[in-house]
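What follows is a set of notes on a single structure, which appears directly below.
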Amino acid sequence: MINNESILNRLDSKINLLNLNRQELHRFLISLGAKSFSTQQIMHWIYHYYCSDFNKMLNISAKIRNQLQKNSRIFAPEFTEEKVSFDGTIKWITEINKQKIETVYIPEQKRSTLCVSSQIGCPLKCHFCATGQQGFNRNLQVFEIISQIWQANKRLQKKNINNITNIVFMGMGEPLLNLKNVVSALNIILDEFGFALSKRKITLSTSGVVPALDKLRSMIDVSLAISLHASNDVIRDLIMPINKKYNIQSILDSTLKYFRSSKANRGGVTIEYVMLNGINDANQHAEQLAVLLRKLPSKINLIPWNPFLGSSFASSNINRINIFANILRSKGFTTVIRKNRGKDIDAACGQLTGNVKNDIKNVKYS
Numbered sequence: 068m069i070n071n072e073s074i075l076n077r078l079d080s081k082i083n084l085l086n087l088n089r090q091e092l093h094r095f096l097i098s099l100g101a102k103s104f105s106t107q108q109i110m111h112w113i114y115h116y117y118c119s120d121f122n123k124m125l126n127i128s129a130k131i132r133n134q135l136q137k138n139s140r141i142f143a144p145e146f147t148e149e150k151v152s153f154d155g156t157i158k159w160i161t162e163i164n165k166q167k168i169e170t171v172y173i174p175e176q177k178r179s180t181l182c183v184s185s186q187i188g189c190p191l192k193c194h195f196c197a198t199g200q201q202g203f204n205r206n207l208q209v210f211e212i213i214s215q216i217w218q219a220n221k222r223l224q225k226k227n228i229n230n231i232t233n234i235v236f237m238g239m240g241e242p243l244l245n246l247k248n249v250v251s252a253l254n255i256i257l258d259e260f261g262f263a264l265s266k267r268k269i270t271l272s273t274s275g276v277v278p279a280l281d282k283l284r285s286m287i288d289v290s291l292a293i294s295l296h297a298s299n300d301v302i303r304d305l306i307m308p309i310n311k312k313y314n315i316q317s318i319l320d321s322t323l324k325y326f327r328s329s330k331a332n333r334g335g336v337t338i339e340y341v342m343l344n345g346i347n348d349a350n351q352h353a354e355q356l357a358v359l360l361r362k363l364p365s366k367i368n369l370i371p372w373n374p375f376l377g378s379s380f381a382s383s384n385i386n387r388i389n390i391f392a393n394i395l396r397s398k399g400f401t402t403v404i405r406k407n408r409g410k411d412i413d414a415a416c417g418q419l420t421g422n423v424k425n426d427i428k429n430v431k432y433s
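With the working numbering applied, the sequence shown covers 68 to 433.
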């Protein structure tokens, strides 16, 4: 098995360039005596050629390459485990210091989406989510977020498959509780010399950490998804403990402010709503949801709940979900029932815990 930990320890005294956005990389290179244009050249090597060897960067002077070797590194922890679903979804595991980061690749006909993690575990403890029930270990560093995309694209390129077109921060953790590192990673993802993705192709999902959401508005502009999952505070208090601190109205008020300042959310903010049998799926809940969202331009994703060991929840049946969706559509809301992808490998929404059977020898990338 690949030992990311030993590599990390060996290189720990050096600056990992995957932790630096363009401005930070520029300052670092200038301190080494490099010319300004070296920043773009090195970012091109890292994020377009996926090169981690300074000796191969032949358009960089030998003097600067030597300085880079002494003072820095390009370290992207490798995927250590892999599992493929019958529907083509792939779950990758990165293990560092015996802690596991999960990343999910979802191929579709016209796009390929990477679901990235921002924390190991999650402190929010939403009762219907396996990640929340496993507890919280730590925030991911910038390079650990970036490496998920870097390694995914490297693997896909080896199989002559197009790079990732869409990124969703919907993996393990609450992105807004790791705000600084997530925004730094987003700056690299958006940068024309980084992964060069459009702000409309990146979605950040949050359960509604209101102070951080208010800060995010002045820091970056990406597509926003709100994990609402209830149509009133009574239900949300029961299934999402964070609601006792930031209730539905406070979340929607903050979301509306973000929407009004955003160019990435012109089509409306995404509202995520997991369908829990007998809990939040009655007709009256759909009616309440329509009233809640009447002032917020939005599109609604209804998510059939995905089971995990030890949970007492059950998913609403498809007939109930369709009725719920039709009520919302009759009120003028764009409403989509999300497909279950990767359920058989515990890669579906709410199932990520770091547990996966290693099946790296039988991988198919189509």
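Virtual Cβ for every residue (Gly too), placed ideally from N, Cα, C.
Given L311 as reference, the closest of G275, S285, L343, A292 once Cα atoms are compared: A small correction: the amino acid at residue 311 is Lys; Leu does not occupy that position in the sequence shown. Closest by alpha carbon: G275.
7 Å CB neighbourhood of L447 in its chain, flanking five on each side removed: Residue 447 lies beyond the range of the chain shown here (68 to 433); nothing can be said about it.
Three CB pairs or more closer than 8 Å across the stretch 152-161 and the stretch 100-112: no
Under 8 Å between C-beta atoms of N407 and N373: yes
Beta-carbon spacing of E148, Q186 below 8 Å: In this structure, Q186 does not lie closer than 8 Å to E148 by Cβ.
Buried versus exposed call for R140 [16 or more other C-beta atoms within 10 Å across all chains shown]: buried
Distance between beta carbons of F95 and I113, contact taken as under 8 Å: Not quite, the Cβ-Cβ distance comes to about 13 Å (not below 8 Å), so this is no contact.
Nearest-angstrom Cα separation, counted from A357 out to P174: 32 Å
Beta strand (DSSP E) segment containing M342, residue limits: Per DSSP, the continuous beta strand (DSSP E) segment holding M342 begins and ends at 336-342.
A353 versus I287 - alpha carbon distance: C-alpha separation (whole angstroms): 32 Å.
Three-state secondary structure (DSSP) of P242: helix
Start-to-end residues for the beta strand (DSSP E) that takes in G188: That run of the beta strand (DSSP E) goes 186-188.
Inter-residue Cα distance where the pair is E169 and E339: Each residue's Cα considered, the two are about 21 Å apart.
Residues that DSSP places opposite T273 in a beta bridge: I293
Beta-carbon separation (whole angstroms), Q107 vs F210, contact threshold 8 Å: Not a contact, Cβ separation roughly 20 Å.
Three-state class that DSSP yields for N386 in the structure shown: helix
Complete runs of the alpha helix (DSSP H) confined to the stretch 204-238 [at least 4 residues]: 209-225
Local conformation of Q200 per DSSP, three classes: helix
Within 8 Å, strictly: CB atoms of L359 and L319: yes
Straight-line gap, N86 to I309 (C-alpha atoms, nearest Å): 30 Å
Rounded straight-line distance, which links the Cα of Y172 to that of S119: Computed Cα separation, rounded: 23 Å.
Contact with chain B by G188, beta-carbon distance below 8 Å: In the structure shown, chain B does not exist; there is a single protein chain.
K266 beta carbon less than 8 Å from that of V289: yes
Cα-Cα separation between R396 and D348, rounded to whole angstroms: 15 Å
Run of the alpha helix (DSSP H) containing T156, from where it starts to where it stops: Careful: T156 lies outside any alpha helix (DSSP H) and carries neither H nor E.
M124 to K247 span [Cα, whole Å]: 30 Å
Classification of F262 by the beta-carbon crowding that lies within 10 angstroms, buried from 16 upward: Under this definition F262 is a buried residue.
Assigned exposure category for A381 - 16 Cβ within 10 Å defines buried: exposed
Delimiting residues of the beta strand (DSSP E) encompassing N368: Start and end: 365-371.
Outcome for R303 when other beta-carbon atoms lying within 10 angstroms are tallied against a minimum of 16: buried
Span of the alpha helix (DSSP H) around V301: Per DSSP, V301 belongs to the alpha helix (DSSP H) from 300-306.
As assigned by DSSP and simplified to three states, the class of I82: strand
Proximity of A219 and L181 at Cβ, strictly below 8 Å: yes
The alpha helix (DSSP H) enclosing T170, as first and last residue numbers: First-last for T170: 166-174, but that is the beta strand (DSSP E), not the alpha helix (DSSP H).
Inter-residue Cα distance where the pair is S179 and I231: 5 Å
Reference K137, options L92, S80, I390, closest by Cα: S80
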